[in-house]
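Student:
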Amino acid sequence: MAQQVKAVVARAKGAPVTVETITVPDPGPGEAVVEVRSCGVCHTDLHYREGGINDEFPFLLGHEAAGVVESVGEGVTDLAPGDFVVLNWRAVCGSCRACLKGKPWYCFNTHNAAQPMTLADGTPLTPALGIGSFAEKTLVHSGQCTKVDPQASPAAVGLLGCGVMAGIGAAVNTGAVTRGDSVAVFGCGGVGDAAIAGAKLAGATTIIAVDVDDRKLEWAKGFGATHTVNSRSTDPVEAIRELTGGFGADVAIDAVGRPETWKSAFYARDHAGVVVLVGVPTPEMSIEMPLIDLFSRGGSLKSSWYGDCLPSRDFPYLVDLYRQGALDLDAFVTETIALDQVEQAFEKMHHGEVLRSVVVL
1 MAQQVKAVVA RAKGAPVTVE TITVPDPGPG EAVVEVRSCG VCHTDLHYRE
51 GGINDEFPFL LGHEAAGVVE SVGEGVTDLA PGDFVVLNWR AVCGSCRACL
101 KGKPWYCFNT HNAAQPMTLA DGTPLTPALG IGSFAEKTLV HSGQCTKVDP
151 QASPAAVGLL GCGVMAGIGA AVNTGAVTRG DSVAVFGCGG VGDAAIAGAK
201 LAGATTIIAV DVDDRKLEWA KGFGATHTVN SRSTDPVEAI RELTGGFGAD
251 VAIDAVGRPE TWKSAFYARD HAGVVVLVGV PTPEMSIEMP LIDLFSRGGS
301 LKSSWYGDCL PSRDFPYLVD LYRQGALDLD AFVTETIALD QVEQAFEKMH
351 HGEVLRSVVV L
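With the UniProt record's numbering, the residue at position 213 of the sequence shown is 213, and numbering never jumps.
1. Could you name each continuous alpha helix (DSSP H) segment of 4 residues or more that falls completely within the segment 83-142, going from the start of the chain to the end?
2. Return the chain-ordered list of same chain residues with a C-beta closer than 6 Å to the C-beta of residue 192, the five sequence neighbours on each side being excluded.
3. When DSSP labels each residue in this structure, what does residue 4 get in the three-state scheme?
4. Cβ of residue 9 within 8 Å of Cβ of residue 87?
5. Does the segment 264-279 come into contact with the segment 167-187, if we say contact requires no fewer than three beta-carbon pairs (one atom in each stretch) closer than 8 Å?
6. Measuring CA to CA, which of 120, 137, 144 and 123 is closest to residue 130?
7. On a Cα-Cα basis, can you pick out the residue from 150, 24, 76 and 166 that is closest to residue 105?
8. Going straight from the alpha carbon of residue 312 to that of residue 155, what length do you get?
9. By DSSP, does residue 312 sit in helix, in strand, or in coil?
10. With three or more C-beta pairs closer than 8 Å as the rule, is the segment 74-83 touching the segment 50-65?
11. Give, in chain order, every unbroken run of the beta strand (DSSP E) that is at least 3 residues long and sits entirely within the segment 236-291.
12. Could you have a look at residue 302 and say whether DSSP puts it in helix, strand or coil?
13. With 16 other CB atoms within 10 Å as the buried threshold, where does residue 31 fall?
14. Would you grab the beta carbon distance between residue 39 and residue 133 for me? Rounded to a whole angstrom, and I think it's under 8 Å.
15. Between the segment 110-124 and the segment 320-328, do three or more beta carbon pairs fall short of 8 Å?
16. State the CB to CB distance for the pair residue 82 and residue 68, rounded to an integer number of angstroms; the pair is presumed to be in contact (CB under 8 Å).
17. Rounded to whole angstroms, how far is the Cβ of residue 140 from the Cβ of residue 280, which I believe are closer than 8 Å?
18. Taking the straight line between their C-alpha atoms, what separation do you get for residue 152 and residue 161?
19. In three-state DSSP terms, what is residue 328?
20. In the structure shown, what three-state DSSP assignment does residue 334 receive?
21. What is the C-beta distance between residue 189 and residue 216, in whole angstroms, given that I count them as a contact (C-beta under 8 Å)?
22. Of the choices 164, 115 and 288, whose alpha-carbon is the least far from that of residue 25?
23. Could you work out which residue in 183, 95 and 89 is closest to residue 265 when comparing CA atoms only?
24. Roughly how many angstroms separate the alpha carbons of residue 128 and residue 245, rounded to a whole number?
25. Let me check understanding here. Comparing Cα to Cα, which of 315, 309 and 249 lies closest to residue 297?
26. Quick one: any contact between the segment 323-341 and the segment 203-213, if contact means 3 or more CB pairs under 8 Å?
27. Could you spell out where the beta strand (DSSP E) holding residue 388 opens and where it closes?
28. Secondary structure at residue 53, three-state DSSP: helix, strand or coil?
29. Please check the pair residue 315 and residue 138, which I expect to be a contact at CB under 8 Å, by giving their CB distance rounded to whole angstroms.
30. Between residue 229 and residue 239, how many whole angstroms is the CB-CB distance? I'm expecting something under 8 Å.
31. Report the CB separation of residue 202 from residue 234 in whole angstroms; it is logged as a contact under 8 Å.
32. Please report the distance separating the alpha-carbon of residue 241 from that of residue 268.
33. Where does residue 63 fall in DSSP's three states?
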């Protein structure tokens with residue numbers, strides 16, 4: 001039977017979000033209803049509210065979540081009520097050209113729930129990244145549920161659902177950071193600090209954090225940065241070269257997603273090094289630069305989709321590292337809040353006052 005629950009909704013572009021009663025249907029074939037335990041406040045949710053993703057209002061916000069499976073639909077055999085899960089927004093299909101090539105992290109046909117959740121008046125909601133988890137309960141495709149250690153803190157491990165996984169994966173999966181590498185990370189918010197943590201996990205010995213905010217640079221040290229550069233007062237390219245024997249970083253990660261930060265990352269890497277773009281640009285942004293520079297410096301220019309992760313592989317592994325004390329996911333949680341405090345959390349995020357505010361239900 002369909003259920004009525006409280007959830008955070010964005011009704012119009014730029015309008016403050018509201019807590020409303022929504023209807024969550026029973027799970028259909030291949031679907032699951034999840035009782036949400038926590039959900040991080042991600043910048044992507046603010047993009048939705050501002051109309052920066054699309055204009056399919058009203059949006060059911062939230063996507064960086066952990067919870068417990070309440071019920072499953074027909075044909076679901078790998079989940080059961082009571083399973084503790086982290087939600088993901090790239091449930092791979094297993095049959096598209098990427099999956100058949102053995103690269104499911106590039107899946108071009110990811111799954112979402114087929115049924116809509118609705119407002120009380122029947123208006124269909126567009127769930128953020130196909131999840132919509134600023135809600136007491138949400139309906140997702142069963143493939144969007146990844147079982148992890150139930151002893152883990154929901155507020156911490158739920159962050160693997162987006163930003164933390166994107167950052168760690170940008171370093172470990174996309175950038176292929178390895179032992180002894182030098183790594184430069186531009187932007188020390190949640191994604192950038194996760195990239196720093198990922199580089200440390202992978203064995204990088206020189207990890208350079210770049211930002212314009214000294215407070216964020218201090219945070220970056222806690223995640224493993226060995227050096228910091230304030231690019232407001234120092235040329236980051238020259239500073240990174242100086243810190244790497246005059247050569248540049250083996251891997252340069254742009255966690256901001258702006259033309260100026262991407263160019264800095266490009267020129268701050270060593271010849272034949274790797275540039276990874278994991279920060280999300282806006283549609284109007286463009287780059288113009290000499291083509292000869294792209295040719296003569298060699299190496300790889302990569303975009304990182306969700307950290308090129310495979311949730312079924314990466315989430316349990318990272319949660320195990322967290323439980324062992326090797327990955328401090330708790331450090332990403334600046335504050336825990338209630339559903340009705342999401343709008344204030346957006347404001348704090350906009351001003352750079354938090355790494356993550358996390359809604360706890």
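Built from N, CA and C at the ideal position, the CB exists for glycine as well. Just so we're clear, the structure is a prediction, and the values are computed from it rather than from any experiment.
Tutor: Quick answer:
1. 97-100
2. Cβ within range, chain order: 185 and 255.
3. strand
4. no
5. yes
6. 144
7. The shortest CA-to-CA distance from residue 105 to any of 150, 24, 76 and 166 is the one to 166.
8. 19 Å
9. helix
10. no
11. 249-254 and 269-277
12. strand
13. buried
14. Confirmed, about 5 Å.
15. no
16. 6 Å
17. Incorrect: roughly 22 Å between the Cβ atoms, too far for contact.
18. In a straight line, the C-alpha of residue 152 is about 14 Å away from that of residue 161.
19. coil
20. If DSSP states are grouped into helix, strand and coil, residue 334 belongs with coil.
21. 7 Å
22. Taking only the C-alpha atoms, the option nearest residue 25 is 115.
23. The residue with the shortest Cα to Cα distance from residue 265 is 183.
24. So the two alpha carbons sit approximately 44 Å from each other.
25. 249
26. Judged by Cβ distances under 8 Å, the segment 323-341 makes no contact with the segment 203-213, as fewer than three pairs qualify.
27. Residue 388 lies beyond the residue range present for the chain, which begins at 1 and ends at 361; the question has no answer from this structure.
28. Looking at residue 53 - three-state DSSP - the assignment turns out to be coil, as it is neither helix nor strand.
29. Not confirmed; about 18 Å, so no contact.
30. 5 Å
31. Contact doesn't hold; Cβ gap of about 26 Å is too wide.
32. Looking at the backbone, the Cα of residue 241 and that of residue 268 are separated by about 7 Å.
33. coil
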